[in-house]
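Each number in the working numbering comes from the position in the sequence shown (counting from 1) with 648 added on. All residues carry an ideal CB built from backbone N, CA and C; glycine is no exception. Computed from a prediction, not measured in an experiment: that's the story for all the values here. Structure record follows, encoded as structure tokens.
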Amino acid sequence: MTLRSRNDLIDDLIYLRKGPGLTLDRLKNAPAVIDYCGGPDVPLSTVRERLITAVNSLGGHRGGPALRAVYGVDGPPAGDTEDRRRAFAGSVGRKPNTVRGWENDAIEELAVVLLTSYYAGSETPKGMVIPHGGFLIEHLHVVTVIRDRKFFESHQTRTLLSLVDGAAGFRYGSYSPTEIFALSGGSAGVPEQHEGGTMHTIRFPKELSRGQAHTFSFRERIPAGAPDGATGPEAGFAGQTFESPTLSYTNEVCFLGDVPPTVWTYDKLSRIERPGTPTTSRGLNVGERAVFRVTFSELYGGLCSGIGWRWRNALNRPDR
649 MTLRSRNDLI DDLIYLRKGP GLTLDRLKNA PAVIDYCGGP DVPLSTVRER LITAVNSLGG
709 HRGGPALRAV YGVDGPPAGD TEDRRRAFAG SVGRKPNTVR GWENDAIEEL AVVLLTSYYA
769 GSETPKGMVI PHGGFLIEHL HVVTVIRDRK FFESHQTRTL LSLVDGAAGF RYGSYSPTEI
829 FALSGGSAGV PEQHEGGTMH TIRFPKELSR GQAHTFSFRE RIPAGAPDGA TGPEAGFAGQ
889 TFESPTLSYT NEVCFLGDVP PTVWTYDKLS RIERPGTPTT SRGLNVGERA VFRVTFSELY
949 GGLCSGIGWR WRNALNRPDR
């Protein structure tokens, strides 16, 4: 199942406070909320209970009680949205417009809670996303250019969501010596060279608050005179390792010159297993013969996903 975006989720959460509030009939028309509370195969009553539990998890957030009131979760919803909002505003001695602002802030926080499954009533599927490093990556798009059977450069764009207040930057690692350039949406620190590869630090223009999204992009290449990181003359792969949970990852590989006869995808393998064994190119969208594209969903836990290839048709040959 491909989950809908954060914006879709926020739109649904706003929709559910309108009219009679959080009723089962209205919940039917909130597909993003259904996705993040168990999916379409889960009874709507269960989805509603999970959503209420997530609302309750807002704890000390001042918009939490306001959201409960406007959703009408403490009993049969009375009147319409404005009636419930006015009643709550009167109980706390504030104006309805002020309470509406609290609700909006609480909905932004509730979306983060649902995205990360960090609340008591959340389901625990096999692929549960475990936040790492303070970020949830909404989308990662990488284009890798292979020229004459060797890595030439990659183009990467990330849209991430901060799970903490005060996030100042993002750490990105490569298993070979690399340098980044053409950076947009941040500034680069001095790369750290380690035995296992290179760590890059990208500083944001300003610190991110919890729930704030930010997009940055860069190009990456191997510095002149450094080893090219090729995996050998007969095989190769282009992919990512996901320490930070990622909702969507689009991977494109562009071959300049020779095109391998065998291309396949691998998903959620350990670093030792990657890129797996040649299976099939099914699932790859081939716009031109030299360009291969695939989109993965729900990546986490330091596992690896990407595209692998062989320069010879050797389906039964074991990986090295």
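Residue i to residue j span [Cα, whole Å]
{"i": "ARG654", "j": "LEU699", "result": "15 Å"}
{"i": "GLY980", "j": "GLY727", "result": "Because the chain is modelled from 649 through 968, residue 980 falls outside the range shown and cannot be assessed."}
{"i": "GLY712", "j": "ALA754", "result": "6 Å"}
{"i": "GLY667", "j": "THR729", "result": "6 Å"}
{"i": "PHE783", "j": "LEU758", "result": "16 Å"}
{"i": "ILE662", "j": "ALA714", "result": "13 Å"}
{"i": "PRO926", "j": "ASP689", "result": "33 Å"}
{"i": "TYR684", "j": "VAL721", "result": "19 Å"}
{"i": "LEU664", "j": "SER892", "result": "30 Å"}
{"i": "ARG862", "j": "LEU808", "result": "The question names Arg, yet the displayed sequence has His at residue 862. If I take the Cα positions, the gap works out to 6 Å."}
{"i": "VAL740", "j": "LEU706", "result": "18 Å"}
{"i": "ILE682", "j": "HIS842", "result": "44 Å"}
{"i": "ARG895", "j": "ARG734", "result": "The sequence given here has Leu at residue 895, not Arg. When rounded, the distance between both Cα atoms is 38 Å."}
{"i": "ARG674", "j": "GLU786", "result": "27 Å"}
{"i": "GLU886", "j": "TYR948", "result": "Correcting the residue type first, residue 886 is Ala in the shown sequence and not Glu. Their backbone Cα atoms lie some 17 Å apart in a straight line."}
{"i": "ASN752", "j": "VAL791", "result": "36 Å"}
{"i": "LEU672", "j": "GLY749", "result": "25 Å"}
{"i": "ARG716", "j": "ALA815", "result": "29 Å"}
{"i": "LEU692", "j": "GLY708", "result": "28 Å"}
{"i": "PHE944", "j": "PHE903", "result": "21 Å"}
{"i": "GLY834", "j": "ILE920", "result": "32 Å"}
{"i": "SER953", "j": "GLU946", "result": "11 Å"}
{"i": "ASP731", "j": "THR694", "result": "27 Å"}
CA nearest to the CA of residue i, picked from the options
{"i": "ARG869", "options": "GLU840, ILE755, ALA830", "result": "ALA830"}
{"i": "HIS971", "options": "GLU827, TRP912, GLU843", "result": "Because the chain is modelled from 649 through 968, residue 971 falls outside the range shown and cannot be assessed."}
{"i": "PRO679", "options": "THR694, ASP656, ARG665, ILE850", "result": "ASP656"}
{"i": "ALA836", "options": "ARG867, ASN752, ASN745", "result": "ARG867"}
{"i": "ARG819", "options": "THR694, THR894, SER945, ILE850", "result": "ILE850"}
{"i": "LEU762", "options": "ARG652, SER832, ARG734", "result": "ARG652"}
{"i": "THR746", "options": "GLU756, TYR719, ARG716, ARG710", "result": "ARG710"}
{"i": "VAL907", "options": "SER953, HIS842, ILE794", "result": "ILE794"}
{"i": "GLY817", "options": "GLU855, SER832, LEU675, HIS842", "result": "GLU855"}
{"i": "VAL703", "options": "TYR948, VAL760, GLU786", "result": "VAL760"}
{"i": "GLY859", "options": "VAL791, ILE920, GLU756", "result": "GLU756"}
{"i": "GLU801", "options": "PHE852, ALA872, TYR948", "result": "ALA872"}
{"i": "GLN888", "options": "ASP731, ARG922, PHE903", "result": "ARG922"}
Close beta carbons around residue i, own chain, < 6 Å, minus the five adjacent residues each side
{"i": "PRO839", "result": "THR846, HIS848"}
{"i": "SER805", "result": "It should be noted that the sequence gives Thr, not Ser, for residue 805. Here the set comprises HIS789, SER865."}
{"i": "SER822", "result": "GLY845, THR846"}
{"i": "ASP796", "result": "GLY905"}
{"i": "THR879", "result": "With a pLDDT of only 47 at THR879, under the threshold of 50, the placement of this residue in the model should not be trusted; the figure read from the coordinates follows. So the list is empty, once near-sequence residues are dropped."}
{"i": "GLY884", "result": "TRP957"}
{"i": "ASN677", "result": "none"}
{"i": "SER832", "result": "SER865"}
Chain D within 8 Å of residue i, Cβ atoms only
{"i": "ASP731", "result": "In the structure shown, chain D cannot be found, because there is only a single protein chain."}
Residue i CB to nearest heavy atom of the ligand SAH below 7 Å
{"i": "ASN704", "result": "Looking at this structure, you won't find the ligand SAH or any other ligand, since it has none at all."}
Other residues of its chain near residue i: CB distance less than 7 Å, five sequence neighbours each side excluded
{"i": "SER857", "result": "SER810, ASP813"}
{"i": "LEU951", "result": "PHE890, LYS916, LEU917, SER918"}
{"i": "GLY877", "result": "Confidence at GLY877 is low in this model, with a pLDDT of 49, below 50, so the placement of that residue should be treated as unreliable; the coordinate-derived value is given next. The answer, listed in chain order, is PHE799, SER824, ILE870."}
{"i": "GLU882", "result": "ARG958, TRP959, ARG960"}
Close beta carbons around residue i, own chain, < 8 Å, minus the five adjacent residues each side
{"i": "GLY924", "result": "TRP912, TYR914, LEU917, GLY956, ASP967"}
{"i": "LYS743", "result": "ALA737"}
{"i": "LEU1002", "result": "No information on residue 1002 is available, as it lies outside the stretch 649 to 968 that the chain covers here."}
{"i": "ASP659", "result": "ALA680"}
{"i": "PRO909", "result": "ARG958, TRP959, ARG960, ASN961"}
Contact between the region 880-899 and the region 939-949: three or more CB pairs below 8 Å?
yes
| said: Threshold first: 3 residues or longer. Then list the beta strand (DSSP E) segments lying entirely within the region 860-916, N to C. | reply: 861-869, 883-890, 894-904
- Message: Extract the residue ranges of the alpha helix (DSSP H) inside the region 687-768, only unbroken runs of 4 or more that lie entirely within it.
- Response: 692-704, 711-719, 729-740, 744-764
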